[in-house]
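Each number in the numbering used here comes from the position in the sequence shown (counting from 1) with 8 added on.
Just so it is clear, CB atoms sit at the ideal spot from N, CA and C, and this is done for glycine as well.
Since the structure is predicted, the reported quantities are computational estimates derived from the model, not experimental observations.
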Amino acid sequence: MSVREIQDLGLTRQREVVLRVIRDSEGHLTANEVFGVAKQLLPSISFATVYNSLRFLKEAGHIAEIRFGNGASRFDRMTSRHDHAICTKCGKLVDIEMEHPQELVNLAARIAKFKPESLEFTLRGLCPECVEKD
Ligand SMILES: [Zn+2]
Ligand SMILES: [Zn+2]
9 MSVREIQDLG LTRQREVVLR VIRDSEGHLT ANEVFGVAKQ LLPSISFATV
59 YNSLRFLKEA GHIAEIRFGN GASRFDRMTS RHDHAICTKC GKLVDIEMEH
109 PQELVNLAAR IAKFKPESLE FTLRGLCPEC VEKD
């Protein structure tokens, strides 16, 4: 999404800045991290405004919110279904775009006795930088 397209959404200046921060990032910032970057672009912005803008943008379908366990929510520029890999050492979070084998979906559904709709997958391990430092 270009700056022009973001402007065409007719958002308030604050919401526009918050959306831009998420679109321009690698895609998985916490509300605190979004606030840190947004403040550089718009020094008058408050944390409450950033937080409310995140809620608004999520409800409007412009961003997605992801939660793992009891960690802080992260905000994702990718709103279509995808999976994630998390580094257990530094917390780095990356997107994985892949199809799930139907067999795996069926197997999970059979075990749970559910009629399957979707399956989410989280890969945990060490990212390349952490493997190198190991
Ligand atoms: Zn790492
Ligand atoms: Zn993602």
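Euclidean distance between Cα positions of T20 and L115: 46 angstroms
Candidates K123, L134, V113, N78: closest to V102 by CA position: The closest CA to that of V102, considering only K123, L134, V113, N78, is found on L134.
Exposure label - S52; buried when at least 16 CB within 10 Å: exposed
Residue range of the beta strand (DSSP E) that includes A68: First-last for A68: undefined, no H or E at that position.
Bridge partners - F83, DSSP secondary structure assignment: Its beta-bridge partners are L37, E73.
Touching by the beta-carbon criterion (3+ pairs, under 8 angstroms), the segment 79–88 and the segment 113–133: At 8 angstroms Cβ cutoff, the stretches do not touch.
Alpha carbon of N40 to alpha carbon of Y59, nearest angstrom: The alpha-carbon of N40 is positioned some 9 angstroms away from that of Y59.
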